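Take the first sequence: its position 143, counted from the start at 1, is 150 in our numbering, and no numbers get skipped.
Single-structure report; data block below.
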Amino acid sequence: MSEIQITLPDGSVRNYPQGVTAHQVAQSISEGLARNIIAAKVNGVVVETGRPITEDANLVLLKWDDKEGKQTFWHSSAHLLAEALEALYPGVKFGIGPAIDSGFYYDIDLGEHKFSSEDFAKLEAKMLELAKQENAYIRKEVSKAEALEYFTQKGDEYKLELIQDLTDGEITFYEQGNFTDLCRGPHLPNTGFIKAVKLLNLAGAYWRGDEKNKQLTRIYGITFPKKSELDAHMLMLEEAKKRDHRLLGKELEIFAFDDDIGPGLPLWLPKGAAIIELLEGFAKKTEKDAGYMRVKSPHIAKESLYIKSGHLPYYKDSMFPPMELDGINYYLKAMNCPHHHKIFAATPKSYRDLPVRYAEYGTCYRYEQTGELFGLMRVRSLQMNDAHIYCTKAQFEAEFKAVNALYLKYFKVFGIDKYVMRFSKHDPKKLGQKYINSPELWKETEDMVRSVLVNANIPFIEVEDEAAFYGPKIDIQIYSAIGREFTLATNQVDFAQAERFDLYFINEKSEKERPLIIHRAPLSTHERFIGFLLEHYAGKFPLWLNPEQVIILPISEKYQEYSEKLLNVLKKHDIRALIDDRSEKTGKKIRDAELKRVPLMLIIGEKEQTDNTVTVRKQGGEDLGSMSVEAFVAYVNAEIENQLN
RNA sequence: GCCGUUGUAGCUCAGGGGUAGAGCACUUCCUUGGUAAGGAAGAGGCCAAGGGUUCAAAUCCCUUCAAUGGCUCCA
Numbered sequence: 008m009s010e011i012q013i014t015l016p017d018g019s020v021r022n023y024p025q026g027v028t029a030h031q032v033a034q035s036i037s038e039g040l041a042r043n044i045i046a047a048k049v050n051g052v053v054v055e056t057g058r059p060i061t062e063d064a065n066l067v068l069l070k071w072d073d074k075e076g077k078q079t080f081w082h083s084s085a086h087l088l089a090e091a092l093e094a095l096y097p098g099v100k101f102g103i104g105p106a107i108d109s110g111f112y113y114d115i116d117l118g119e120h121k122f123s124s125e126d127f128a129k130l131e132a133k134m135l136e137l138a139k140q141e142n143a144y145i146r147k148e149v150s151k152a153e154a155l156e157y158f159t160q161k162g163d164e165y166k167l168e169l170i171q172d173l174t175d176g177e178i179t180f181y182e183q184g185n186f187t188d189l190c191r192g193p194h195l196p197n198t199g200f201i202k203a204v205k206l207l208n209l210a211g212a213y214w215r216g217d218e219k220n221k222q223l224t225r226i227y228g229i230t231f232p233k234k235s236e237l238d239a240h241m242l243m244l245e246e247a248k249k250r251d252h253r254l255l256g257k258e259l260e261i262f263a264f265d266d267d268i269g270p271g272l273p274l275w276l277p278k279g280a281a282i283i284e285l286l287e288g289f290a291k292k293t294e295k296d297a298g299y300m301r302v303k304s305p306h307i308a309k310e311s312l313y314i315k316s317g318h319l320p321y322y323k324d325s326m327f328p329p330m331e332l333d334g335i336n337y338y339l340k341a342m343n344c345p346h347h348h349k350i351f352a353a354t355p356k357s358y359r360d361l362p363v364r365y366a367e368y369g370t371c372y373r374y375e376q377t378g379e380l381f382g383l384m385r386v387r388s389l390q391m392n393d394a395h396i397y398c399t400k401a402q403f404e405a406e407f408k409a410v411n412a413l414y415l416k417y418f419k420v421f422g423i424d425k426y427v428m429r430f431s432k433h434d435p436k437k438l439g440q441k442y443i444n445s446p447e448l449w450k451e452t453e454d455m456v457r458s459v460l461v462n463a464n465i466p467f468i469e470v471e472d473e474a475a476f477y478g479p480k481i482d483i484q485i486y487s488a489i490g491r492e493f494t495l496a497t498n499q500v501d502f503a504q505a506e507r508f509d510l511y512f513i514n515e516k517s518e519k520e521r522p523l524i525i526h527r528a529p530l531s532t533h534e535r536f537i538g539f540l541l542e543h544y545a546g547k548f549p550l551w552l553n554p555e556q557v558i559i560l561p562i563s564e565k566y567q568e569y570s571e572k573l574l575n576v577l578k579k580h581d582i583r584a585l586i587d588d589r590s591e592k593t594g595k596k597i598r599d600a601e602l603k604r605v606p607l608m609l610i611i612g613e614k615e616q617t618d619n620t621v622t623v624r625k626q627g628g629e630d631l632g633s634m635s636v637e638a639f640v641a642y643v644n645a646e647i648e649n650q651l652n
């Protein structure tokens, strides 16, 4: 028998007989390893550990700690769930059951059976019972005819539909215990690897993600090779819940929703409003330094504006319905762009005026579907850190680059280090429908955007068919501390609206010329950004941004007067401070200040009053000791300076 | 919008066909205490809204409203 060469990730090369399995390779290294491998990656393809390797290969043995190991583990768990479902609810039909980032789901059609989350325990028990049987996952290659025959017999129309789309000769079944499923694999060696099972929730999901199709029942679950890992995971979920911006927003009195105001319309409480003012102050200063001019626009506009801008056909469904006045329809503004274009058009422009940069914290209203609303992250009224830059083609690269630099500066200040820039391009097939029909302009602007990104050495990914209708864009995806991913900011090129609005400047040759437009919103909307920051900071806003920077804690009423004097000094230095003058013990006051996430606490007693000092405790417990009031003010200012630069 | 779950005091929640409960928060009093909860008393609710069943509904049923987990991550 001929030998093949197996190259392991560390670069070592070993010889094995042809047809060796990953399991056997692992065994040749150690028994312990062999017991723990879940799957194997052979020349980049993930397969079962028992699949024979027929040619020279790079081999990675996948364990639970590997991403693909987990995926295989959870995908196999989905099959186990299906087996348990079939045992308990005969006749159930199956859609798809993939692994996801954390766990797996299976879409099922229960037919006549009733199922609710109360039945989870029963189902979990059945899964564990089946897991204990250590049934092997057996791979079978079947012909399309056989596959169709099997599921016709079984009466599972969903699987039949899936098989229709598959190529004969590439179809495989996997069987474990009494359950057989159409599946590409790979899978665990046997069900015994699964030691802990938790079903998480129940949801409706449209067959093939299309809302015109029948809605199936989706069961989400997660499994682990050890019970202790499940416990740790559940604890982690609990912790994540405590960092949810909706919870923190209520707890810290940042924002509120009210039935009489309406869904998706947040009310900003004093502390939330203070954060907004601080963010705006910061943004306005930064923008002023970068040469932006501030403008203001009304909240409503006539229908004709949105027809001219071209927004109406694309966005009508996500705009609030119009109100009619004297036979004319008025819309609440859903975007600031057309207003800014009108401001540009209001006065004549020379090439000497360009670039023109208009900035506004514009309030917009968008009619998001009720099911899409989500805390502060998805709302119906929003205040956007918006600006539009009108420039010549020659200026474009420098302007676009400056905008990107602004993003990076902001990310540094807010400590955002986990983000992905998505360069969203058009789809040439959809020119004239989803996108403005100007192929050469698309190419030109997309090339410009790419070259800015490449030249600035910014890592990015390119995605097709996600551009705005008027031009390519860069979306910045960020991840909150509890793993939520969303688009925070956007930086867009617009070569279409200047034409629509007949915007021009007079160039050096005394001719009319169209400007290019950049749309940008680095700080997103107040709503989404503060929602993100709440989770990012776990409610502990940094000193510069905290609505309550300092709390004075007199040890007893005897030090009230000195405390008030202190408060006045701090206020004179623009430090946001308050006194806890309740008749409570110091320990209690510290606890409450900690729960309110106040960054600095001043403990005031006999000693401080006599020496004219303050004793400083930082949030979290660090003791900065005693210092003069002047020294404390200097400390606060230095900290803020440090945080903003 | 669709599927599942939930809605009781400011907050977190218990209860449950026979005129409503706890802890925290709040108010008052006692206490004047040095780094994460001192003590006592008090006040506070048409049990989301509307309709139905019943001698009787916060409780059971229906509708509505709202919140919440999903509905993209392709056998």
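Ideal Cβ positions, reconstructed from N, Cα and C, are used throughout, including at glycine.
Note that the coordinates shown come from a computational prediction; the quantities given were computed from them, not determined experimentally.
DSSP places Met342 outside both helix and strand once states are collapsed to three, so it counts as coil.
Here Asn343 is buried, its C-beta having at least 16 other C-beta atoms within 10 Å. Residue state for Tyr368 is assigned as strand, using DSSP reduced to three classes. Under the DSSP definition of a beta bridge, Gln31 lacks any partner.
Between the alpha carbons of Val302 and Tyr337 lies a gap of roughly 21 Å. Residue burial annotation: Val32 is buried, with at least 16 other C-beta atoms found within 10 angstroms of its C-beta. Rounded to whole angstroms, the separation of the alpha carbons of Ala505 and His346 is 12 Å. According to the DSSP assignment, Gly39 belongs to the alpha helix (DSSP H) that extends over 38 to 43. For a cut-off of 8 Å, the C-beta gap from Phe200 to Ile45 is around 7 Å, short enough to register as a contact. Looking at the backbone, the Cα of Tyr417 and that of Ala496 are separated by about 11 Å. Cβ contact annotation for Phe467 (same chain, cutoff 6 Å, sequence separation greater than five): Met428, Phe430, Leu460, in chain order. Sequence-distant Cβ neighbours of Tyr374 in its own chain, meaning closer than 7 Å and more than five residues away, are Ser325, Met326, Phe327, Arg387. Of the other Cβ atoms in all chains shown, fewer than 16 fall within 10 Å of the Cβ of Ile335; this residue is therefore exposed.
Using a 10 angstroms sphere on the CB of Gln12, the tally of other CB atoms stays under 16, which defines it as exposed. By the Cβ rule, the segment 555 to 568 counts as touching the segment 603 to 617, because three or more pairs are nearer than 8 Å. Residue pairing of Leu66 in beta bridges, as defined by DSSP: Val49.
Thr79 places its beta carbon less than 9 Å from that of Ala106. The Cβ atoms of Leu552 and Leu361 lie no closer than 9 Å to each other. Separation of Arg535 and Thr293 (C-alpha to C-alpha, rounded to the nearest whole angstrom) is 20 Å.
By the Cβ neighbour-count rule, Val623 is buried, with 16 or more other Cβ atoms within 10 Å of its own. Taking the Cα positions, Ala645 is about 11 Å away from Leu550. Collapsing the DSSP output to three states places Val623 in a strand. In terms of Cα proximity to Ser150, the closest of Asp163, Asp175, Tyr144, Lys547 is Asp175. The Cβ atoms of Gln183 and Thr198 sit closer than 9 Å to each other.
For Val459, there is no enclosing beta strand (DSSP E); the residue is part of the alpha helix (DSSP H) that begins and ends at 446 to 462. Judged by DSSP in its simplified three-state form, Lys432 adopts coil rather than helix or strand. Between His348 and Ile283, the alpha-carbon positions lie close to 26 Å from each other. Beta-carbon to beta-carbon, Lys340 and His395 are separated by about 14 Å, too far to satisfy the 8 Å threshold. Just so you know, the alpha carbons of Val456 and Gly369 end up roughly 26 Å apart. Listed in chain order, the non-local C-beta contacts of Met241 below 8 Å within the same chain comprise Lys205, local neighbours out to five positions each way being set aside. Taken atom to atom, the span from the alpha-carbon of Tyr96 to that of Ala138 is near 18 Å. Spatial neighbours of Tyr442 in its own chain (CB-CB distance under 6 Å, excluding positions within 5 residues in sequence) are listed in chain order as His433, Phe476. Taking the C-beta atoms as reference points, Leu255 is found nearer than 9 Å to Ala545. Checking the DSSP bridge columns, you'll see His526 partnered with His395, Gln499.
Per DSSP, Glu469 is one residue of the beta strand (DSSP E) stretching across 467 to 470. Nearest neighbour of Phe180 by Cα position, chosen from Pro196, Glu153, Lys147, Tyr157, turns out to be Lys147.
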